[in-house]
Each structure stands twice: as C-alpha cells, then as structure tokens.
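Position 97 of the sequence shown, counting from 1, maps to 98 under the numbering used here, and the rest follow consecutively.
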Amino acid sequence: MTEKTIDLDTVREAYQALQQSFKSTLLATVSDGGQPEASYAAYVKVDGAYYIYISELSAHTQNLLANGKVCLLFIEDEDKAAHLFARQRVTYHGTANEIDRDTDAFDSIMNLFEDSFGVFMKQLQNMQDFHLFRIQLQRGSFVQGFAKAFTIEGNELEQIRHVNDVGHKERTPNTETAA
2 MTEKTIDLDT
12 VREAYQALQQ
22 SFKSTLLATV
32 SDGGQPEASY
42 AAYVKVDGAY
52 YIYISELSAH
62 TQNLLANGKV
72 CLLFIEDEDK
82 AAHLFARQRV
92 TYHGTANEID
102 RDTDAFDSIM
112 NLFEDSFGVF
122 MKQLQNMQDF
132 HLFRIQLQRG
142 SFVQGFAKAF
152 TIEGNELEQI
162 RHVNDVGHKE
172 RTPNTETAA
C-alpha cells in the first residue's frame with residue numbers, strides 16, 4: 002500500500018490561514034495554585050509574537066502576571082467544520098511578558114491595536130488596570146482533521162512534522178465474560 006505524501010507547505014498555508022481568520026484568540030492560563038482559566042483576548046501579531054491588552058480585573062491577567070504561562074487556541078467554527086469531532090485548530094504554547102507602559106514598544110503596539118480595532122483603543126489605553134503582554138511562542142500543533150495532526154516547532158516555528166507514529170486504534174471488545 003502506498004502512503005500519500007503530505008505537502009507540508011500546503012499544511013503551513015492552511016494553519017496560517019486559519020489563525021489569520023480571527024481577530025481574537027482563546028486563552029488558557031494557570032494560576033500559581035494550579036487552577037486553569039479559559040478566556041479570550043483580541044490580539045495583534047508582530048514578527049511572530051502575539052500581543053494582547055487585557056484588564057487586571059480578569060483572572061487570566063493575574064495568571065500571566067504571576068507566571069506567564071499561556072496557551073493560544075484558534076479553532077474552526079462548529080458550523081463550518083466538516084465534522085464536529087475533527088474541527089481544524091491551531092494551538093500554541095508560549096510565555097507572556099508584560100510590556101512597560103512608558104516605552105516606545107508600548108506606544109508602537111498600541112498604535113497597531115488602534116489600527117486594527119479603532120479609536121476605542123485610545124480609551125482602553127488610558128485605563129491603568131490594563132496590561133500589554135507580548136506572547137512569545139515556543140511550540141504548537143495543528144489538527145486539520147482525523148489523522149491529520151502536525152507539530153509546529155523550531156526557533157521560528159518553521160518546522161512542521163506529521164504526527165503519525167501511533168495513529169488511532171480501535172478498542173477491542175473484552176473477551177472475558179462476567180461470572
């Protein structure tokens with residue numbers, strides 16, 4: 002049996018198109034006490050890093066200030082998916098670091114937020130409970146469908162590898178009978 006060759010450039014284009022179709026990302030963070038928190042945030046992307054501007058009134062902000070651990074999720078809408086159990090999705094693991102307010106970097110990124118989300122960002126920029134974070138990605142994964150899972154690795158996340166070493170296995174029925 003001949004195995005179909007996977008065009009990794011096409012895979013890269015597919016996961017980049019999926020993530021670029023969103024203006025916000027789902028966030029997973031964890032508290033210092035180990036409690037998970039799911040949320041979302043609008044973002045801008047610059048030179049491979051994601052930037053989010055979020056309020057310290059939210060648990061995810063407190064988590065990022067405490068430990069910087071974050072996971073981003075971009076997932077296909079249910080109504081667009083070929084199958085609910087195989088929605089396309091890109092997941093990234095990274096570290097978030099706060100950008101200080103009184104810096105050129107802060108002003109530059111906030112200008113990009115205003116370009117993307119309008120003058121409303123000027124109001125948010127003046128609110129002192131908001132923090133700007135830079136999320137540096139470390140690794141990721143892309144699920145394109147059943148048996149179409151890929152790891153995303155490398156210094157600039159340029160390496161893609163098909164995850165096919167185990168695959169799905171059917172459960173075998175228990176042959177023992179109850180006495």
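For each residue, glycine too, the CB sits at the ideal point set by N, CA and C.
Closer than 6 Å by C-beta to residue 115: which residues in its own chain qualify, once you throw out the five before and the five after it? Chain order, please. 122
Could you name the residues that DSSP lists as bridge partners for residue 146? 149
Output needed for residue 13: all residues of its chain with C-beta closer than 8 Å, excluding positions within five of it in sequence on either side, in chain order. 161
Quick one: residues in its chain with C-beta nearer than 6 Å to the C-beta of residue 73, no 5 flanking neighbours on either side, listed in chain order? 26 and 93
If contacts are defined as beta-carbon pairs under 8 Å, then residue 130 and residue 58 qualify, I think. What distance do you get, rounded to the angstrom? 6 Å
Tell me where the alpha helix (DSSP H) around residue 110 begins and ends. 105 to 118
Helix, strand or coil for residue 70 per DSSP? strand
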